[in-house]
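What follows is one structure encoded as structure tokens, with my remarks underneath.
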Amino acid sequence: MRIGTHFMRFDSMEPAGMRTELADAARYADEGGVSWISVMDHYFQMEHQGFPASDPMLEAYTTLGYLAGVTEKAQLGALVTGVTYRYPALLAKIVASLDVVSGGRATYGIGAAWYEKEHAGLGVPFPPVKERFEMLEETVRIARQMYDPQEDGPFEGKHFQLAETLCYPPPLSGPEIMIGGSGEKKTLRLVAQYADACNLFAETPERLRHLLDVLHRHCDDVGRDSAEIRVTMLHRGRPIGPDDTAAFVEEMRGFAVHGVDTVILRPPGTSLAAWVRDAVLPVVEPCADL
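All residue numbers for the sequence shown refer to my numbering, where the first residue is 134 and numbers rise by one.
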């Protein structure tokens, strides 16, 4: 099992020091064997997690471009971009550019969007859920078409129409398409149809096993080998600290047996760089043996 980090809190940093703190945290992670670095793609901090909406929140792809410049090995991505946040061809272009400047380390992370408050706050349309899932499917299809070197023709969908799907320079690595979420009827069906990777929410190994069973059934329905889909999960427990290594590794043992490739950790409200150095790096090697 590999370890990822999710830089989703910036409340411990003053704006003038953010670039230094982010660079230090990313370099510690990159040099210490962390395989994944992600940020949230939100305009406001998430109130449902107990944070004020007014807490600091950096724009995702600006931040990822900066992280690409201070790292060399870790995969980079948004966990995940809401389908409503950017026009789909523009998003595909943004991720392709990130892939080029990072040397082929970008993941295209996408989901159906849910945070209505931030949409209303910044004047971004927030369609009903059925429409957002229709948009999500078309958005992923557009990305697939734009990343296909043999295809630059039009795209005609219900929600999006493109005269050309040009994407130059092309991405170096694909990029990997990750669909985030655990909805059993729609999200996991789209994973089975289109995704190279998924990000699941599971508090227990039993819940994870159930979600994977649902995903495997969708794969069977669409004629897909489920082994082609990389499984990641966002750690749902409290953020790990420097003294939690043994307990965390034992907790992860129950998830690793179900084929989780990467568990992605969230930070506490302390120094991001110190958390990576003192709490995250000690679990990288023991989790690799699971």
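Every residue gets a Cβ at the ideal spot worked out from N, C-alpha and C, and that includes glycine.
Among the options, whose alpha-carbon lies nearest the alpha-carbon of residue i?
i, options, result
"Y241", "K250, V257, L223 and E251", "L223"
"R163", "D188, E336, R363 and L200", "In the sequence under discussion, the amino acid at residue 163 is Asp, which differs from the Arg named in the question. The shortest C-alpha separation from D163 is found at L200."
"A412", "M173, Y327, V216 and L398", "L398"
"E251", "M385, S187 and A159", "S187"
"E339", "V390, P303, V172 and L209", "V390"
"G97", "M151, R160 and M173", "The chain is shown only over 134 to 423; residue 97 falls outside these bounds and no answer can be derived."
"P425", "V417, Q294 and D358", "Only positions 134 to 423 of the chain appear in this structure, which leaves residue 425 out of reach."
"G374", "Q278, R386 and P400", "P400"
"D377", "V233, L405, F388 and P419", "P419"
"H368", "V382, R357 and V228", "V382"
"T195", "G183, Q182 and V234", "V234"
Report the rounded CA-to-CA distance for residue i versus residue j, giving the unit in angstroms.
i, j, result
"W408", "C331", "26 Å"
"V262", "G307", "29 Å"
"T153", "V257", "31 Å"
"L305", "T395", "22 Å"
"A328", "M311", "6 Å"
"A193", "D422", "32 Å"
"R274", "M268", "10 Å"
"F334", "V364", "11 Å"
"G236", "L197", "13 Å"
"Y118", "L299", "Beyond the ends of the chain as shown, which are 134 and 423, falls residue 118; an answer cannot be given."
"L414", "P185", "29 Å"
Since residue i and residue j should fall inside the 8 Å C-beta cutoff, what is the C-beta to C-beta distance between them, to a whole number of angstroms?
i, j, result
"A245", "F266", "5 Å"
"V393", "M190", "Not a contact, Cβ separation roughly 28 Å."
"A276", "A211", "Rounded, the Cβ-Cβ distance is 13 Å, inconsistent with contact."
"Y161", "R410", "5 Å"
"V416", "G166", "In fact, because the Cβ distance is near 10 Å, the residues do not count as touching under 8 Å."
Tell me which residues share the same chain as residue i and place their Cβ nearer than 8 Å to its Cβ, disregarding the 5 neighbours each side in the sequence.
i, result
"A360", "none"
"T217", "A246, H252, V257, P258, F259, P260, R265 and M268"
"A229", "A239, M279, Y280, C300, P302, P303, P304 and P308"
Under 7 Å Cβ to Cβ from residue i, same chain only, skipping five residues before and after it: list those, please.
i, result
"P282", "P303"
"T168", "In the sequence under discussion, the amino acid at residue 168 is Ser, which differs from the Thr named in the question. For S168, where only same-chain residues beyond five positions count, the Cβ hits under 7 Å are R135, I136, G137, A207, Q208 and T395."
"A438", "Outside the shown range of the chain, which is 134 to 423, sits residue 438, and nothing can be said about it."
"D285", "E297, T298 and L299"
Quick check: is any heavy atom of the ligand FMN less than 7 Å from the C-beta of residue i?
i, result
"H391", "The ligand FMN is absent from the structure shown, which contains no ligand whatsoever."
CB-CB under 6 Å to residue i, same chain, minus the five flanking residues each way: which ones, in chain order?
i, result
"P148", "none"
Between residue i and chain C, is there a C-beta pair that is closer than 8 Å?
i, result
"P375", "Annotation note: the requested chain C is absent from the structure, which comprises a single protein chain."
>> Whether or not the region 176-195 and the region 141-151 are in contact is what I'm after, with contact meaning three or more pairs of Cβ atoms, one per stretch, closer than 8 Å; do they touch?
In response: yes
>> With a threshold of 8 Å, are at least 3 pairs of Cβ atoms found where one atom belongs to the region 338-351 and the other to the region 308-323?
In response: yes
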